[in-house]
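The sequence shown runs -2 to 837 under the working numbering. Glycine is no exception: its CB is placed at the ideal position from the N, C-alpha and C atoms. Just so you know, these numbers come straight off a predicted model, no measurement behind them.
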Amino acid sequence: MKVSVNWLKQFLNFDLPSVDELVEKIGAQLGAVEEVTDLSKRYHGVVVVKVVECNDLEGSDHLHVCRVDDGGVVKDVERGDDGLVQVVCGAPNVQAGMLAAWLAPGVTVPDSVDTDEPFVLEARELRGTKSNGMLASSRELALGDSHEGILAVDKDVAPGTPLADVYKLDDSIIDIENKMFTHRPDCFGALGVAREIAGITGHTFTSPDWYTAKPSLPAVASEQLSLRVENEVPALVPRFTAVAMNNVAIQPSPTWLQVALAKVGVKSINNIVDLTNFYMLVTGQPLHAYDYDKVKALSGDEATLVARHPKPGEKIKLLNGKEIEPRAEAIMIATDKQLIGVGGVMGGSETEVDSGTTNIILEAATFDMYSIRRTSMAHGLFTEAVTRFTKGQSPLQTLPVLLKTADAMGELAGAGLAGQIIDDNHLNPAARERGSVHPPVTVSAEFINTRLGLTLSATDMQMLLQNVECRVEVSGDELTVHSPFWRTDIELREDVVEEVGRLLGYDQLPQILPRRDVKPATKDELFERKQALRTRLARNGATEVLTYSFVHGELLDKVGQNRQHAFGLSNALSPDLEYYRLGLTPSLLAAVHPNLKAGYDQFALFELGKVHYVDEWDETEPEVPNEDDHLALIVASSDKQRPQGAAYYQARKYLEQLSNELIDELVPMADFDFKSDEWGRQLTAPYEPQRSALIIRDDVVWGVIGEFKASVQRALKLPKYAAGFEVHLSLLHLPQPGYLPLLRFPGVKQDLTLKVSAEQTYLQVATAVDKALGAHTLEDTHIALEPLGVYQAKDDEAHKHFSFRVTITGLNRTLTDKEVGHVLDAMAAELKQQLNAERI
């Protein structure tokens, strides 16, 4: 946002500090200053002269020999006896009696000041005639693009007056970073910045009389130009104001207007377009002018403006020459037949105001900031209007700005109102009545002081806020703040706190170190648990990975999970990141094949992370993502390095290292009826029911361990040896390590093989063996039970053989084989009764 210091002075009734002090103040309390440009250096030595004589140069069809009067202010220049200076000029508009800008020899051309090679003028001969410097055009003066003629000074000043004094070019342009004003659309106009500068310097600001939320509408004698406005998208266009004007005289803008625009980098087009830009720069409210006759020619019975979405296949050619097919959700301005503009972004070329225009439609509207931003990005259209509309302009300022601009067009272009002011207003009636976007905010002085560390009275705060035209009522310690109609950001008590702190100056806040508690910080239980799990798994050879929380929909399909239960992202960065994941297992499975391909033959991967799911099957669930913390682990081995045994048991070893309690709660997956447990169905989707087990509590699935379906193996190119588990993190509580003295005596190992019914599962047999061994063990001994294998003879499908290795170690003596044998005999006898197990 570029701001002219001289422009600001026009709205202020006090003397501004120096530019350096002003920049420091703005940076501290308003917004970061990116650059300061001193225009006075650019126009040093440029003076106004009067062309006394203008004669054609002999032998040339366009050059003129001019003799100019500079009042004798320029030194060291060749003059005639009458004190006039000779200058050769080729401009077609040069004539005797006019005032022009003269660059004497030794003066740098303003347009080249900021370039790598500044152009310094000197006296030189043109076709044998000496020219002392030049009479400059708008382009050479860096005041516009016009190079067809010299700049005609349109103010009655004495020859020799510096051009900078005539048009207030002894100025500084302060460029404030746009991001600092993201929530302050009013500060995208000079009026708003001037108001804020008054506030932060402790002065009261008063807006011009015409800038009011409820302006008086001018009387119109008769409706000479018929105009109709329709709004099909009131939610996106809360207010649309327009008026038809006639008797418009299109011509170049007066120099003061061209200069005002050029200072802040806006090109001059013509008097009508320039006025729309000028008042946009004053108030922050963009405006647009249409050629009325062109609009009428593209309409039906009467000139019509319609705010709507584009129809399929519609295209529009814009003012910049670019033709686009607008996105389906864009806000478009159209007649009742075709598109003529992209609302809030850019007008169409078919209704452009040009030199032949005699009637216009002036529009000032408010558009949805989010829609404008999406349209701008979709089509690569970035304009001054877009910059302002994407900050959320107040709908309450469209009408006063429209009326003021129309009045200025009457003065500069002879335009008159040719119809009633059309105000299509969909703003909340309460907001219209009170004249502000948000209701008043009531807050106590104590609330503000507590958060800022101040001791201001309610009256002190009232003065600060009233300086920027907030209406404040004080009752005891309470303030009721009525925000002005151009403010869209004062909605909460905290907004008032921020406003008071900023206007006072954050450098005025007391600098007191916070009290520090010497007590150690309370440990986060979840963080500590995660760290312990990482440590335990890493020590057992597993490698932690961190994958995205979002997955491709195809990955959900491959593992058998339902996309309907996953939250989709409307603005996904890529198709690979379009859904919240329902579990960690699919992400880990997707990493198996790339690691095998990279040469890692055996590995275990684990991840701690969050999962999200939609409970569409449960109407009591909130309409927000269910979020859980999970731990998942995958073990895999290439076929050439495949270990003996089933991968399931390798995964189970890792789970046993984390919680023995969970092993006791395992239920064969094939035996579980999911019924209404749709979440459990999604979690276990990748696992093969016949080779997996569930962790069940209260008839709810909390975890799963097992091998994977053949379809999943094929889809993700998994090796045959692959298994894993996924479990809710709240179930994992690592036991506190206990003390076990080193075993000083040798242990006695004996193998035990039991023949049981084929219907018995390993879990049932192993659990029974462990309990029986604990019931018949010797005192002061340490027992270790290790599974050896499961065998089923081809000719005996009715039975299975389960083999275990039992190691019993005495804590204070060496045991004998006989003692251990008695234990196993007693255990086998009990297992005979429980499982009808036969010891082999």
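Skipping 5 residues on each side, what residues in its chain have a beta carbon closer than 7 Å to that of residue i?
i: PHE855; result: Outside the shown range of the chain, which is -2 to 837, sits residue 855, and nothing can be said about it.
i: GLY413; result: MET242, ASN243, ASN244, GLY407
i: ASN10; result: none
i: ARG39; result: PRO107, VAL110, ALA139
i: GLU662; result: ILE692, ILE693, ARG694
i: LYS401; result: TRP207, TYR276
i: VAL471; result: ALA455, THR456, GLN459
i: LEU233; result: ILE328, PHE364, ASP365, SER368
Mind reading off the beta-carbon distance from residue i to residue j? Whole number of angstroms is fine, and I expect it under 8 Å.
i: ASP168; j: ASN3; result: 4 Å
i: ARG370; j: THR355; result: About 36 Å separates the two Cβ atoms, so there is no contact after all.
i: VAL803; j: LEU821; result: 7 Å
i: GLY502; j: ALA25; result: 7 Å
i: VAL589; j: ALA719; result: 7 Å
i: VAL45; j: VAL154; result: 6 Å
i: LEU655; j: ARG533; result: 6 Å
i: ARG236; j: ASN422; result: 5 Å
i: CYS51; j: VAL91; result: 6 Å
i: PRO751; j: ASP767; result: Pro is not the amino acid found at residue 751; the sequence shown has Leu there. About 13 Å separates the two Cβ atoms, so there is no contact after all.
i: THR252; j: TYR164; result: 7 Å
Starting from the C-beta of residue i, find all residues in its chain whose C-beta is less than 8 Å away, skip the five residues before and the five after it, and write them out in chain order.
i: VAL33; result: VAL16, VAL20, SER169, ILE170, ILE171, ASP172
i: ASN464; result: ALA195, GLY196, GLY199, HIS200, THR201, PHE202, LEU500
i: ASP759; result: For clarity, residue 759 is Tyr in the given sequence; the question names Asp instead. So the list reads PRO784, VAL787, PHE799, once near-sequence residues are dropped.
i: VAL438; result: THR477, VAL478, SER480, ILE487, GLU488, LEU489, ARG490, ASP492, VAL493
i: ARG526; result: LEU726, LEU729, HIS730, LEU731
Taking only heavy atoms of the ligand GDP into account, decide whether any of them is closer than 7 Å to the Cβ of residue i.
i: GLU299; result: For the structure depicted, the ligand GDP is absent and the ligand set is empty, with no information on it obtainable.
Take the Cβ of residue i as the centre, count every other Cβ of all protein chains shown within 10 Å, and call the residue buried at 16 or more, exposed below.
i: PRO716; result: buried
i: LEU500; result: buried
i: GLN7; result: exposed
i: CYS184; result: buried
i: LYS829; result: exposed
i: TRP483; result: buried
i: ARG124; result: exposed
i: HIS61; result: buried
i: ASP67; result: buried
i: GLY700; result: buried
i: ILE837; result: exposed
i: LYS47; result: buried
i: THR540; result: exposed
i: PHE379; result: exposed
i: LYS260; result: buried
i: TYR610; result: buried
i: LEU566; result: exposed
i: ILE631; result: buried
i: MET(-2); result: buried
Can you find a C-beta in chain B that's less than 8 Å from the C-beta of residue i?
i: LEU278; result: The question asks about chain B, but that chain is absent: this structure has only one protein chain.
Please go through the same chain and pick out, in chain order, the residues whose beta-carbon is closer than 6 Å to the beta-carbon of residue i, but skip the five residues on each side of it.
i: SER250; result: SER265, ASN268, ASP271
i: THR280; result: GLY186, LEU188, VAL398
i: ALA88; result: GLY146, ILE147
i: ALA667; result: PRO686, GLN687
i: ARG76; result: VAL82
i: PRO159; result: VAL44
i: ASP598; result: SER635, GLN638
Requested in this report: Take every Cβ of the segment 360 to 376, pair it with every Cβ of the segment 450 to 457, and state whether three or more of those distances are shorter than 8 Å.
Outcome: Contact fails between the segment 360 to 376 and the segment 450 to 457, because fewer than three Cβ pairs, one in each stretch, are under 8 Å apart.
Query raised in the report: Is the segment 671 to 683 touching the segment 576 to 584, taking contact as three or more C-beta pairs under 8 Å?
Result: Yes: at least three Cβ pairs fall under 8 Å.
Query - the segment 300 to 308 touching the segment 275 to 284, judged by at least three CB pairs closer than 8 Å - result: Remark: fewer than three beta-carbon pairs, one from each stretch, lie closer than 8 Å, so the segment 300 to 308 and the segment 275 to 284 are not flagged as touching.
Query - the segment 381 to 397 touching the segment 218 to 231, judged by at least three CB pairs closer than 8 Å - result: Too few Cβ pairs lie closer than 8 Å, so no.
Requested in this report: Tell me the start and end of each unbroken alpha helix (DSSP H) in the segment 200 to 274 that is at least 4 residues and wholly inside, in chain order.
Outcome: If one requires a minimum length of 4 residues, the alpha helix (DSSP H) runs lying completely within the segment 200 to 274 are 252 to 260, in chain order.
**Report entry** Contact between the segment 223 to 232 and the segment 288 to 304 (3+ Cβ pairs under 8 Å)
**Finding:** By the C-beta criterion, the segment 223 to 232 is judged to be in contact with the segment 288 to 304, since at least 3 inter-stretch pairs fall below 8 Å.
**Report entry** Contact the segment 633 to 643 vs the segment 517 to 533: 3+ CB pairs below 8 Å
**Finding:** No, the segment 633 to 643 does not touch the segment 517 to 533.
Query raised in the report: Should the segment 748 to 756 be regarded as contacting the segment 787 to 797, the criterion being three or more beta carbon pairs within less than 8 Å?
Result: Three or more beta-carbon pairs drawn from the segment 748 to 756 and the segment 787 to 797 are found closer than 8 Å, and the two stretches are therefore classed as touching.
Query raised in the report: Can you give, in chain order, each stretch of the beta strand (DSSP E) that sits fully within the segment 276 to 343 and has at least 3 residues?
Result: For the segment 276 to 343, whole beta strand (DSSP E) runs of length 3 or above, ordered along the chain, are 285 to 288, 300 to 305, 329 to 331, 336 to 339.
Requested in this report: Kindly provide the ranges of any beta strand (DSSP E) runs that are 3 or more residues long and lie completely inside the segment 471 to 545, ordered along the chain.
Outcome: The segment 471 to 545 contains these whole beta strand (DSSP E) runs: 475 to 479.
Query raised in the report: Which ranges does the alpha helix (DSSP H) cover as unbroken runs of at least 4 residues, wholly within the segment 127 to 201, from first to last along the chain?
Result: Those alpha helix (DSSP H) runs which fall completely within the segment 127 to 201 and span 4+ residues are 160 to 163, 187 to 197.
Query raised in the report: Taking contact to mean at least 3 C-beta pairs separated by less than 8 Å, is the segment 339 to 353 in contact with the segment 289 to 296?
Result: The answer is yes - the segment 289 to 296 touches the segment 339 to 353, with three or more Cβ pairs under 8 Å.
Query raised in the report: Is there contact here, the segment 740 to 752 with the segment 801 to 819, by at least three beta-carbon pairs under 8 Å?
Result: The segment 740 to 752 vs the segment 801 to 819: in contact.
Query raised in the report: In the segment 387 to 424, which residue ranges form an unbroken beta strand (DSSP E) of at least 3 residues, counting only runs that do not cross its ends?
Result: The DSSP assignment places 419 to 422 as complete runs of the beta strand (DSSP E) inside the segment 387 to 424, in order along the chain (cut-off: 3 residues).
Requested in this report: Mind listing, in chain order, the continuous alpha helix (DSSP H) runs of no fewer than 4 residues lying wholly within the segment 22 to 55?
Outcome: DSSP runs (the alpha helix (DSSP H)) wholly in the segment 22 to 55: 36 to 39.
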